[in-house]
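In what follows, a single structure is set out as C-alpha cells and then discussed.
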Amino acid sequence: MSNNREDIIVDLKKYFRQQKELGIEYFYMTPVNRDSGVDEKTSDISDGEAKLNEDTHQMNLLNSTAKKMTLDEISEEIGDCTRCKLHEGRTNIVFGEGNANARLVFVGEGPGRDEDEQGRPFVGRAGKLLTKIVNAMGLQRTDVFICNVVKCRPPENRNPEADEMTTCGQFLTKQLISINPEVIVCLGSIASKYLLNSKGSLGSMRGKFHTYGNSKLLVTYHPAALLRNPNFKKPLWEDMKIVLKELQLPIPGD
Numbered sequence: 000m001s002n003n004r005e006d007i008i009v010d011l012k013k014y015f016r017q018q019k020e021l022g023i024e025y026f027y028m029t030p031v032n033r034d035s036g037v038d039e040k041t042s043d044i045s046d047g048e049a050k051l052n053e054d055t056h057q058m059n060l061l062n063s064t065a066k067k068m069t070l071d072e073i074s075e076e077i078g079d080c081t082r083c084k085l086h087e088g089r090t091n092i093v094f095g096e097g098n099a100n101a102r103l104v105f106v107g108e109g110p111g112r113d114e115d116e117q118g119r120p121f122v123g124r125a126g127k128l129l130t131k132i133v134n135a136m137g138l139q140r141t142d143v144f145i146c147n148v149v150k151c152r153p154p155e156n157r158n159p160e161a162d163e164m165t166t167c168g169q170f171l172t173k174q175l176i177s178i179n180p181e182v183i184v185c186l187g188s189i190a191s192k193y194l195l196n197s198k199g200s201l202g203s204m205r206g207k208f209h210t211y212g213n214s215k216l217l218v219t220y221h222p223a224a225l226l227r228n229p230n231f232k233k234p235l236w237e238d239m240k241i242v243l244k245e246l247q248l249p250i251p252g253d
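In numbering that gives the first Met the number 0, the protein residues as written are 0 to 253.
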C-alpha cells in the first residue's frame, strides 16, 4: 500500500468494498486513546512498523466472518462476467477445477490460449508440466484444485493488470474460503505478489510458508518458467517436498 494519503484512501475504499461483497458487515477495532490519538495497544510502534504488510493483509483473506459459498454458487455468481475488460476477447471463462474439498490448491496468474479455448485451467504446455508435477507428488489433478487469479485470458498472454486482478480476485478469495485448503501453492511471482500483497521477489518469498487466512501458502516457480529454464526443476521439486511434508504425505523417492 502506498504511503500517499490519497492512495491509502483509495486502497481502503477498495478493501471495504471487497469485504462487503464477501458478506462482512462488522470490523473490530483496537481502542484508541482519545487524548493522544494513539492506539492504546500499539503506542510504542513506529509509523514505519505499522504499515500494511503481509501479516495485516490477512484481514482480506480467509476470514471466518466471511460468507462461505459453494463453488457452484461462486460460478453462478460470476455468470457471463463483464466486470472488467478481459471479457472482451475471451472464448471461455476459466473458473478452475478439481476437488471442492482439496487439501492442496494451486493458483496461477491467468489462462492462456489453450485454457481459453477449453475453459479449463493449466491444459497447455505449462499445464501438462503441472500435471506431471502433481503426479510426481503421488497425486492426481482430481485430488487438488487448480485455478488462477483472473478467470479470462489477458490479450496476447500479457500479465494481468491491477484492476483486473482486483475485480476477479474477489472470486478467487471466495473459492479459497469455500475450499479452505491446508496448503496453497502460488505458481509464479504475479499470483504470489497478489495473494501476499507483497512487492518482494519470487526468490525472497520462496522456501518458506506464509500465512493466508487458515491456510499455509508456499511460493514457487510457474511451470512456464521451467519450460524456459530447466534449472528451476530441482528447486521447484524441493518446494513440493515441503508441501508434502506439511500435508504428512509420503515423498516419492525418499
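Cβ atoms here follow ideal geometry from the backbone N, Cα and C, with glycine treated the same way.
Asked, Found
"If you pair each beta-carbon of the stretch 163–175 with each one of the stretch 119–136, do three or more pairs fall below 8 angstroms?", "no"
"For Gly107, which three-state DSSP category applies?", "strand"
"Does the Cβ-Cβ distance between Tyr193 and Val148 come in under 8 angstroms?", "yes"
"Under the rule that 16 or more other beta-carbon atoms within 10 Å means buried, what is Leu11, buried or exposed?", "exposed"
"Tell whether a beta-carbon distance below 8 angstroms holds between Leu177 and Leu70.", "Going by the sequence as given, residue 177 is Ser instead of Leu. Against a cut-off of 8 angstroms, the Cβ pair of Leu70 and Ser177 comes out as a contact."
"Is Gly137 near Pro234, with beta carbons less than 8 angstroms apart?", "no"
"Across which residues does DSSP place Leu216 in a beta bridge pair?", "Ile183 and His209"
"Pro110: buried (16+ other C-beta within 10 angstroms of its C-beta) or exposed?", "buried"
"Is there contact here, the stretch 92–106 with the stretch 180–191, by at least three beta-carbon pairs under 8 angstroms?", "yes"
"Considering only the alpha carbon of each residue, which of Leu243, Gly168 and Arg112 lies closest to Arg157?", "Arg112"
"Do Thr90 and Glu108 have their CB atoms nearer than 8 angstroms?", "no"
"Going by C-alpha distance, which of Phe208, Ile145, Gly126 and Leu246 is nearest Arg224?", "Checking the sequence, you will find Ala at residue 224 rather than Arg. Here the closest residue by C-alpha is Gly126."
"For Leu226 and Leu186, I'd like the C-alpha separation in whole angstroms.", "14 angstroms"
"CA-CA distance, Pro153 and Leu85?", "6 angstroms"
"Mind checking Pro159: buried by the 16 CB within 10 Å criterion, or exposed?", "buried"
"What is the DSSP secondary structure of Asn147, counted as helix, strand or coil?", "strand"
"For the putative contact between Leu217 and Phe208, defined by C-beta atoms under 8 angstroms, what is the C-beta separation to the nearest angstrom?", "6 angstroms"
"Taking the C-alpha atoms as reference points, what is the distance between Gly168 and Gly252?", "37 angstroms"
"Return yes when the Cβ of Glu245 is within less than 8 angstroms of the Cβ of Lys198, no when it is not.", "no"
"Out of Asp79, Leu201 and Glu87, which has the shortest C-alpha to C-alpha gap to Phe94?", "Asp79"
"Let me check understanding here. Comparing Cα to Cα, which of Phe144, Arg140, Thr141 and Met164 lies closest to Cys151?", "Met164"
"Where does Leu96 sit, in a helix, a strand or coil, going by DSSP?", "Note that residue 96 is Glu in the sequence shown, not Leu. Strand."
"Jot down the residue ranges of each uninterrupted beta strand (DSSP E) in the stretch 121–175, minimum 3 residues, whole runs only, in chain order.", "144–147"
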